[in-house]
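Undergrad:
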Amino acid sequence: MFEAALAEFGTLDVLMNNAGVDASGTPVAELSTEVWDRAIRTNVYGYSFCCRRFARSGWREVAAGKIINLSSVYADNPHPAGSDYDCSKGAIRC
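If you count by the working numbering, then the sequence shown holds residues 1 to 94, one letter each, in order.
#1: Confirm, please, whether the CB-CB distance from residue 28 to residue 43 is below 8 Å.
#2: How would you label residue 70, buried or exposed, when you count the other beta carbons within 10 angstroms and need 16 or more for buried?
#3: So the candidates are 94, 90 and 81; which of them puts its Cα closest to the Cα of residue 30?
#4: For residue 73, which of 58, 36 and 93 has the nearest alpha-carbon?
#5: Just verifying my parser: in three-state terms, what is the DSSP assignment at residue 12?
#6: How far does the beta strand (DSSP E) with residue 43 in it extend, from its first residue to its last?
#7: Quick one, are the C-beta atoms of residue 12 and residue 57 less than 8 Å apart?
#8: Give the straight-line distance between the Cα atoms of residue 2 and residue 51, rounded to the nearest whole angstrom.
#9: CB-CB under 6 Å to residue 17, same chain, minus the five flanking residues each way: which ones, in chain order?
#10: Quick one: residues in its chain with C-beta nearer than 7 Å to the C-beta of residue 5, no 5 flanking neighbours on either side, listed in chain order?
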């Protein structure tokens, strides 16, 4: 993704992280490690890895370079059977 954007535009000045996997709908007492791990890896690691790759792309050379990490209202207002999603989006808010 980064290589294609750099090839097309030559430089990157904005990264917007907004992707993620939604809540599994599984009550926390029944939530498997695999389901939890999928949310954390996608919603937290994914943002972190994209930020790291963006920083390595030379974005500091662009005066207006910005990173925008979107979270969710559920980071502050968790919903039933959404602990995997809600916690991962809370981690983005920190």
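Don't be surprised by glycine CBs; every beta carbon is placed ideally from N, CA and C. This one's a predicted model, so the numbers in the text were calculated from it and none came from an experiment.
TA: So, from the listed chains and residues:
#1: In the sequence shown, residue 43 corresponds to position 43, counting from 1. In the sequence shown, residue 28 corresponds to position 28, counting from 1. Result no, Cβ atoms of residue 43 and residue 28 do not sit closer than 8 Å.
#2: Against the sequence shown, residue 70 aligns to sequence position 70. The residue in question, residue 70, is exposed, as its Cβ has fewer than 16 Cβ neighbours within 10 Å.
#3: Numbered from its first residue, the sequence shown carries residue 30 at position 30. Checking every option, the nearest Cα to that of residue 30 belongs to 81.
#4: Within the sequence shown, numbered from 1, the residue matching residue 73 stands at position 73. The candidate whose alpha carbon is nearest that of residue 73 is 93.
#5: On the sequence shown, residue 12 is found 12 positions in, with the first residue counted as 1. Residue 12: coil per DSSP, three-state reduction.
#6: Here residue 43 refers to the residue found at position 43 of the sequence shown. Note, residue 43: premise wrong, no beta strand (DSSP E); not H, not E.
#7: Translated into the one-based positions of the sequence shown, residue 12 becomes position 12. Translated into the one-based positions of the sequence shown, residue 57 becomes position 57. In this structure, residue 57 lies closer than 8 Å to residue 12 by Cβ.
#8: Here residue 2 corresponds to residue number 2 of the sequence shown, with the count starting at 1. Here residue 51 corresponds to residue number 51 of the sequence shown, with the count starting at 1. Each residue's alpha carbon lies about 11 Å from the other.
#9: Here residue 17 is taken as the residue at index 17 of the sequence shown, counted from 1. Once the five neighbours on either side are set aside, the close Cβ partners of residue 17 are 47, 50 and 69.
#10: The count along the sequence shown starts at 1 and reaches residue 5 at position 5. Correct list, in chain order: 12.
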